[in-house]
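Chains as they are written, first to last, in full-length UniProt numbering: chain G, 1 to 552; chain S, 1 to 136.
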């Protein structure tokens, strides 16, 4: 029983399992079939990326896909960006093993989108141009605010990217039967190179198409499996639940507590994670940047609506698939398989549809990493090239072509860093990175986004205190948490320096960042330009000029 | 009509270097528009929907998480067959999320869009564009 609260099962949790996987090897399905289906995906996406590259020249093309996507397309791409490989493998596995607690986890991921819908998406689309920093620095002091926003953007992207790349190696051993460390490193390098190529030549347009295709495959694949599982139980969900309890012999599978219920700290940890998920999602830079790929605020609204529908449907599927795996597979078989609980979904696919369905699901899971990594890379490159290089270093004296060039260089650098980080992180416990990315987004980004959109008296000092305070406190709390010290899964299991008892910093760092933004603003001696505040408020609510800008 | 309002702020040196934020004597005095009743009405309409709705779903979500973390026995109460209260409340989170989404779309289309479009068209007719139009 995993009493220790652990976001690990989801996302990067794949990584520590790599070693186990390497020993066990893959004994179901055919790696060749998996690879063949994956290559088909690569072929199809390459076609779209190369097609997209033909009309990608300006900065608006490169960062924002020429703002040419429809709300439905963008909503699908958001779902593709958001539903990471392990959100699929991890949540199905968590429900199969821990039952209700796995489901609990998925709810936060969905509810979070209401913040994006109600408070963020349209106003950001109306106010900004390419990046989060555009909005945050609109009425505050350009340079310091832009730098702070870029730093937190890059930090979130880096944490998330590292977790994804580390997961890739483990996923490979799980799905393709490549067991050796060198083999996995090679695959990480290939994934990284492919991703660099996609983003380098295709920019946001190419990335968006990769995400759309991947989301469609992922959701269609899991829909088919869901109907299949339900059909086995006469479309009676209660019967499926009964079968899951009977098969696993775990009465508590349908109740909360198996994973998070051990003691007060695991419960508080879950609350901290839940709050970080709900408040962090709408402030994830790679989610925010997607709102700029549509022409109008109305399309941004539609994007979120489509994303909520797809993501909501997907998590309902995972509920059925998770309990389906519990009902149809042996718990021991799942846990003994390479990848442990993450193998529940692939094993279920094999149980249902044999080699072909397993190959399809495996290829989709793999494609997912590619799509998520591409989304993060374009976000990091936009933030560096647009915010740091063009606006701060070049002080805005750079043309669109120069900015695109800088962005492409950044893609290569970020890509190489991701490959090296992914190889280095193999077998390390980097599970906390995804939860940390959400917590940093919720602490460093969300307060400043909301304050600058809704609070007239917000000042530069408030923004800087909130952003650096949120980022710094989240990192500091993690550094003195059980993630690093004192537990079996920690970096230093022998020494207990964990001053902070939880593995997620959100419960403290998020309120702190809101508080800092408030105090910082109240204590500022310099008041901000009321004319800029008026302009920002009017732009955010009406979208003045924002639509015209796309017609060139 | 707007020039006088663009005072030179103390942070001007930070701003002047970049074009995005450079105060420009544009065709529209945003402070005057901000003070107008029709804009205030738009702002009130927006906030009177999104703020209570956000408070509602956050409280409902956090209450649900607290129930799951601290009152597992309550969540285990059987409702129908193997379906217990925890599952029903969890699925209710999905339902409310979808409902709020639908409500918001209805609200935006019927209450917000007509008002915001009117102001936008008026300002654009007066020549308002982006703070910095793409230079290509």
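Just so you know, even glycine gets a beta-carbon here, dropped at the ideal spot from N, CA and C.
The structure presented is a predicted model; accordingly, all values stated were derived computationally and were not measured.
Rounded straight-line distance, which links the Cα of residue j to that of residue i
i	j	result
residue 35 of chain G	residue 276 of chain G	36 Å
residue 85 of chain S	residue 510 of chain G	31 Å
residue 359 of chain G	residue 148 of chain G	44 Å
residue 272 of chain G	residue 312 of chain G	22 Å
residue 256 of chain G	residue 83 of chain G	24 Å
residue 411 of chain G	residue 373 of chain G	11 Å
residue 123 of chain S	residue 534 of chain G	14 Å
residue 218 of chain G	residue 513 of chain G	36 Å
residue 332 of chain G	residue 77 of chain G	36 Å
residue 118 of chain G	residue 396 of chain G	32 Å
residue 177 of chain G	residue 469 of chain G	44 Å
residue 408 of chain G	residue 99 of chain G	44 Å
residue 335 of chain G	residue 342 of chain G	9 Å
residue 438 of chain G	residue 298 of chain G	26 Å
residue 93 of chain S	residue 308 of chain G	13 Å
residue 528 of chain G	residue 49 of chain S	28 Å
residue 36 of chain S	residue 115 of chain G	28 Å
residue 53 of chain S	residue 354 of chain G	46 Å
CB contact check: residue i to chain S, cutoff 8 Å
i	result
residue 271 of chain G	yes
residue 388 of chain G	no
residue 484 of chain G	no
residue 100 of chain G	yes
residue 312 of chain G	yes
residue 238 of chain G	yes
residue 245 of chain G	yes
residue 25 of chain G	The predicted model places residue 25 of chain G with a pLDDT of 41, which falls under 50 and marks its position as unreliable; any figure quoted below should be read in that light. Closer than 8 Å: no.
residue 260 of chain G	yes
residue 530 of chain G	yes
residue 22 of chain G	Here the model assigns residue 22 of chain G a pLDDT of 36, short of 50, so the residue's position is not dependable, and the following value carries that caveat. Chain S contact via Cβ: absent.
residue 546 of chain G	yes
residue 534 of chain G	yes
residue 88 of chain G	no
residue 592 of chain G	This structure does not reach residue 592 of chain G, given that chain G is present from 1 up to 552, and the question cannot be answered.
residue 351 of chain G	no
residue 408 of chain G	no
Span of the beta strand (DSSP E) around residue i
i	result
residue 79 of chain S	78 to 80
Cβ-Cβ separation, residue j to residue i (assumed contact under 8 Å), whole Å
i	j	result
residue 274 of chain G	residue 82 of chain S	Going by Cβ atoms, the distance from residue 274 of chain G to residue 82 of chain S rounds to 25 Å, so no, they are not a contact pair.
residue 124 of chain G	residue 291 of chain G	5 Å
residue 400 of chain G	residue 462 of chain G	About 33 Å; that fails the 8 Å criterion.
residue 63 of chain G	residue 130 of chain G	4 Å
residue 326 of chain G	residue 377 of chain G	About 36 Å separates the two Cβ atoms, so there is no contact after all.
residue 69 of chain G	residue 293 of chain G	5 Å
Residue i - containing alpha helix (DSSP H), residue span
i	result
residue 211 of chain G	181 to 232
residue 60 of chain S	37 to 70
residue 238 of chain G	237 to 248
residue 518 of chain G	506 to 523
residue 404 of chain G	400 to 424
residue 480 of chain G	Unbroken run through residue 480 of chain G: none, as it is neither H nor E.
residue 124 of chain S	113 to 125
residue 95 of chain S	85 to 107
residue 37 of chain G	31 to 53
residue 537 of chain G	530 to 542
residue 448 of chain G	446 to 454
residue 598 of chain G	Outside the displayed range of chain G (1 to 552) lies residue 598 of chain G, so it cannot be described from this structure.
residue 61 of chain G	59 to 64
Below-8 Å beta-carbon distance, residue i vs any chain G residue
i	result
residue 69 of chain S	yes
residue 106 of chain S	no
residue 128 of chain S	yes
residue 55 of chain S	no
residue 92 of chain S	no
residue 114 of chain S	no
residue 63 of chain S	no
residue 76 of chain S	yes
residue 124 of chain S	yes
residue 59 of chain S	no
residue 34 of chain S	yes
residue 40 of chain S	no
residue 44 of chain S	no
residue 50 of chain S	yes
residue 27 of chain S	no
Cutoff 8 Å: residue i Cβ touching any chain A Cβ
i	result
residue 461 of chain G	Judged by its chain identifiers, the structure shown contains no chain A, and its protein chains are G and S.
Whole alpha helix (DSSP H) runs in the stretch 318 to 351 of chain G with 4 or more residues, listed along the chain?
331 to 336
Which runs of the alpha helix (DSSP H) spanning at least 4 residues fall entirely within the stretch 97 to 168 of chain G, listed in chain order?
100 to 111, 121 to 127 and 132 to 136
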